[in-house]
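Shown next, in structure tokens, is the structure this report addresses.
There are 2 protein chains.
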Amino acid sequence: MSAPDTVTAGLIVIGDEILSGRTKDVNIGTIADFCTELGIALTEVRVVSDVHEDIVDAVNALRARYTYVFTTGGIGPTHDDITADAIASAFGVALPINPEARAMLEARWATTNTEATEARLRMARIPEGADLIVNAVSAAPGFRIGNVHVMAGVPKIMQAMLESIAPTLEGGRRMLSVTIACRVGEGAIGGPLGRLQAEYPDVKMGSYPQMGTGAVHTELVLRSPDPDRLAVAADAVRAMVSEAHRAAGLPAADEPY
Amino acid sequence: MSAPDTVTAGLIVIGDEILSGRTKDVNIGTIADFCTELGIALTEVRVVSDVHEDIVDAVNALRARYTYVFTTGGIGPTHDDITADAIASAFGVALPINPEARAMLEARWATTNTEATEARLRMARIPEGADLIVNAVSAAPGFRIGNVHVMAGVPKIMQAMLESIAPTLEGGRRMLSVTIACRVGEGAIGGPLGRLQAEYPDVKMGSYPQMGTGAVHTELVLRSPDPDRLAVAADAVRAMVSEAHRAAGLPAADEPY
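These protein sequence lines are chains A and B, in that order. In case it helps, UniProt numbering puts the first sequence at residues 1 to 257. In case it helps, UniProt numbering puts the second sequence at residues 1 to 257.
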């Protein structure tokens with residue numbers, strides 16, 4: 001079976017600590033890279049606070065809209081870890097102690113002589129019908145229900161969970177990209193670039209000014225799943241950049257500098 | 001006039017490059033810190049792609065919901081910079097060349113012998129009725145229309161724009177916080193902490209496990225705009241942590257370790 005053309009994803013980052021600035025999120029970038037690698041188009045991210053209704057609303061909005069939804073944060077043992085509750089509400093299912101999750105946690109606790117407190121047992125509450133997302137770093141599992149993948153907020157654990165779910169995700173056509181360096185500013189090539197974009201609507205063209213490098217420098221990034229169309233469009237953009245360089249007395253686009 | 005109790009904000013980060021992972025966002029953290037500093041509760045963040053309707057929908061959803069909305073990205077000179085167009089659509093106003101913005105840009109271009117190309121003039125298109133957000137780093141202005149503040153995506157320019165709008169924003173009561181270090185894991189204090197949270201519903205209590213430090217370590221963060229309530233709740237949490245430390249043969253909560 002060939003890969004579907006468009007596989008999309010939405011991400012929900014859950015946690016007051018991100019919105020207050022106390023913790024600087026790094027999971028968005030990690031999951032963006034992960035999706036790109038698998039040919040999944042991450043299309044929207046929402047950061048929401050630890051408020052039940054806000055999480056429920058975001059989950060229901062995004063799971064209806066995208067192939068996959070990922071969430072990070074709020075699955076620990078304390079009272080402010082309410083993601084499992086919110087997911088159960090969003091799906092209208094119960095949130096019992098999951099025997100498999102409990103057994104995994106208890107096996108870990110046995111090795112460290114840790115007591116099964118009420119707080120720790122919160123981590124074994126899994127929405128009915130969900131599959132566990134096991135990971136090597138933490139004994140506390142994430143879970144998948146429907147198209148929603150619920151993961152930890154701690155980056156090291158989240159990454160282990162991503163690795164664990166990767167084989168279960170179906171990627172789309174992998175997006176390919178070509179980056180063309182441009183030594184003149186965006187203002188000098190914006191007009192011609194816009195006309196090339198109109199000429200190649202199936203090749204996404206982005207323009208990214210690089211600041212703080214001293215020299216004027218713009219990176220033009222072309223993206224398409226089709227290598228042939230990408231190559232043709234890249235040739236056209238390189239010719240345009242070379243023309244702009246010549247006008248400014250600079251070497252052609254493909255010469256190193 | 002005393003500060004209002006609750007001033008809220010929503011943030012919209014605009015750009016395919018964030019969603020593809022090519023650029024790692026740092027503006028969310030900067031704006032989160034900025035809001036906390038001013039007593040503004042950043043309540044929701046959305047990252048959306050360079051798609052007109054998606055930007056319009058996010059702007060209209062968030063501007064109805066929060067005191068302030070901030071946007072970053074998509075105000076440069078190239079075809080993929082469509083934020084001004086989307087904001088004009090969201091507000092149902094025209095997007096003419098703004099004479100003041102044009103004059104600012106032309107003054108800068110004159111010093112660098114830069115031509116006023118069609119692409120560069122895109123940066124002077126400002127929705128009708130908007131005020132300019134001038135900044136020291138770039139001649140291209142952001143703008144404010146209604147409660148929506150439109151800023152650049154390049155962090156250095158975005159930060160200069162934040163500084164420029166800070167005096168125009170009314171902050172709420174500044175949120176105060178106390179951090180209590182805890183040498184036992186979240187599982188050991190989650191139950192009692194949840195009961196203290198129920199006892200002090202007006203003081204937000206968060207629990208943040210610190211990984212990779214070797215020793216078990218949980219940071220408990222208490223937040224409230226009321227210094228007296230915060231102090232009382234912090235005393236109660238310290239007593240609870242000391243009790244948990246004692247049970248584990250560790251020093252009391254307020255002793256250094």
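Glycine residues also receive a C-beta, built at the ideal position from the N, C-alpha and C atoms. Remember, predicted model here, so these are calculated numbers, not experimental data.
Hey, does residue i have any beta-carbon neighbour from chain B nearer than 8 Å?
i: histidine 79 of chain A; result: yes
i: arginine 120 of chain A; result: yes
i: glutamine 159 of chain A; result: no
i: alanine 234 of chain A; result: no
i: glutamate 106 of chain A; result: no
i: serine 89 of chain A; result: no
i: valine 48 of chain A; result: yes
i: residue 324 of chain A; result: Lying before the first or after the last residue shown, residue 324 of chain A is absent from chain A, which here runs from 1 to 257.
i: glycine 190 of chain A; result: yes
i: arginine 22 of chain A; result: yes
i: glycine 171 of chain A; result: no
i: valine 237 of chain A; result: no
Please report whether the beta-carbon of residue i lies at a distance below 8 Å from any beta-carbon of chain A.
i: tyrosine 66 of chain B; result: no
i: glutamate 193 of chain B; result: Looking at the sequence provided, one finds leucine at residue 193 of chain B rather than glutamate. True, the Cβ-Cβ gap to chain A drops below 8 Å.
i: alanine 32 of chain B; result: yes
i: serine 207 of chain B; result: yes
i: isoleucine 18 of chain B; result: yes
i: valine 203 of chain B; result: no
i: aspartate 226 of chain B; result: no
i: glutamate 100 of chain B; result: no
i: glutamate 53 of chain B; result: no
i: isoleucine 40 of chain B; result: no
i: valine 154 of chain B; result: yes
i: glutamate 186 of chain B; result: yes
Could you tell me the distance, in whole angstroms, from the CA atom of residue i to the CA atom of residue j?
i: asparagine 98 of chain B; j: alanine 130 of chain B; result: 10 Å
i: threonine 8 of chain A; j: glycine 172 of chain A; result: 8 Å
i: threonine 36 of chain A; j: glutamate 128 of chain B; result: 38 Å
i: serine 164 of chain A; j: glycine 21 of chain B; result: 20 Å
i: asparagine 113 of chain B; j: valine 134 of chain B; result: 22 Å
i: histidine 52 of chain B; j: aspartate 85 of chain B; result: 8 Å
i: glycine 15 of chain B; j: isoleucine 12 of chain A; result: 17 Å
i: methionine 175 of chain B; j: arginine 223 of chain B; result: 6 Å
i: aspartate 25 of chain B; j: alanine 244 of chain A; result: 30 Å
i: alanine 119 of chain A; j: alanine 103 of chain A; result: 16 Å
Residue i: which of the options sits nearest, CA to CA?
i: threonine 168 of chain B; options: B:Ala124, B:Gln197, B:Tyr68, B:Arg183; result: B:Tyr68
i: glutamate 221 of chain B; options: A:Thr78, A:Asn113, A:Glu186; result: The sequence given here has valine at residue 221 of chain B, not glutamate. With distances taken between Cα atoms, valine 221 of chain B lies closest to A:Thr78.
i: tyrosine 200 of chain B; options: B:Gln210, B:Met175, B:Val237; result: B:Val237
i: alanine 248 of chain A; options: A:Arg223, A:Ala233, A:Asp228, A:Ala188; result: A:Ala188
i: valine 150 of chain A; options: A:Thr23, A:Ser177, A:Ile87, A:Gly185; result: A:Ile87
i: glycine 194 of chain A; options: A:Gly206, A:Arg183, A:Arg120; result: A:Gly206
i: valine 48 of chain B; options: B:His245, B:Ile82, B:Ala116; result: B:Ile82
i: arginine 183 of chain B; options: B:Gly92, B:Gln210, B:Gln159, B:His52; result: B:Gln210
i: alanine 166 of chain A; options: A:Leu176, A:Arg246, A:Asn60, A:Gly39; result: A:Gly39
i: glutamate 219 of chain B; options: A:Gly10, A:Leu19, A:Thr6, A:Thr23; result: A:Thr23
i: aspartate 144 of chain A; options: A:Val137, A:Ala152, A:Ser138; result: Correcting the residue type first, residue 144 of chain A is arginine in the shown sequence and not aspartate. Looking at the Cα atoms, A:Ala152 is the closest of the given residues.
i: glycine 190 of chain A; options: A:Thr6, A:Met240, A:Arg63, A:Pro141; result: A:Met240
Could you spell out the range, first to last residue, of the alpha helix (DSSP H) harbouring residue i?
i: serine 89 of chain A; result: 83 to 91
i: glutamate 118 of chain B; result: 118 to 122
i: proline 155 of chain A; result: 155 to 165
i: glutamate 115 of chain B; result: Per DSSP, glutamate 115 of chain B belongs to no alpha helix (DSSP H) and is neither H nor E.
i: glycine 142 of chain B; result: No alpha helix (DSSP H) holds glycine 142 of chain B; the beta strand (DSSP E) holding it covers 142 to 145.
i: glycine 171 of chain A; result: Per DSSP, glycine 171 of chain A belongs to no alpha helix (DSSP H) and is neither H nor E.
i: leucine 250 of chain B; result: Taken as a continuous stretch (DSSP letters only), leucine 250 of chain B belongs to no alpha helix (DSSP H), as it is neither H nor E.
Need the endpoints of the beta strand (DSSP E) that residue i sits in, please.
i: leucine 95 of chain A; result: Careful: leucine 95 of chain A lies outside any beta strand (DSSP E) and carries neither H nor E.
i: histidine 217 of chain A; result: Where histidine 217 of chain A is concerned, there is no enclosing beta strand (DSSP E), given that its DSSP letter is neither H nor E.
i: methionine 151 of chain A; result: 148 to 151
i: isoleucine 14 of chain B; result: 8 to 14
Should residue i be listed as close to the ligand ATP, given that the test is whether its C-beta is under 7 Å from any heavy atom?
i: histidine 79 of chain A; result: Ligands displayed in this structure: none; no statement on the ligand ATP is therefore possible.
Unbroken stretches of the beta strand (DSSP E), 3 residues or longer, contained in the region 35 to 91 of chain B: The DSSP assignment places complete beta strand (DSSP E) segments of no fewer than 3 residues inside the region 35 to 91 of chain B at 41 to 48, 68 to 72, in order along the chain.
4 or more residues per run - each alpha helix (DSSP H) lying fully within the region 219 to 247 of chain A: Under the rule that a run must span 4 or more residues, the alpha helix (DSSP H) segments found entirely inside the region 219 to 247 of chain A read 227 to 247.
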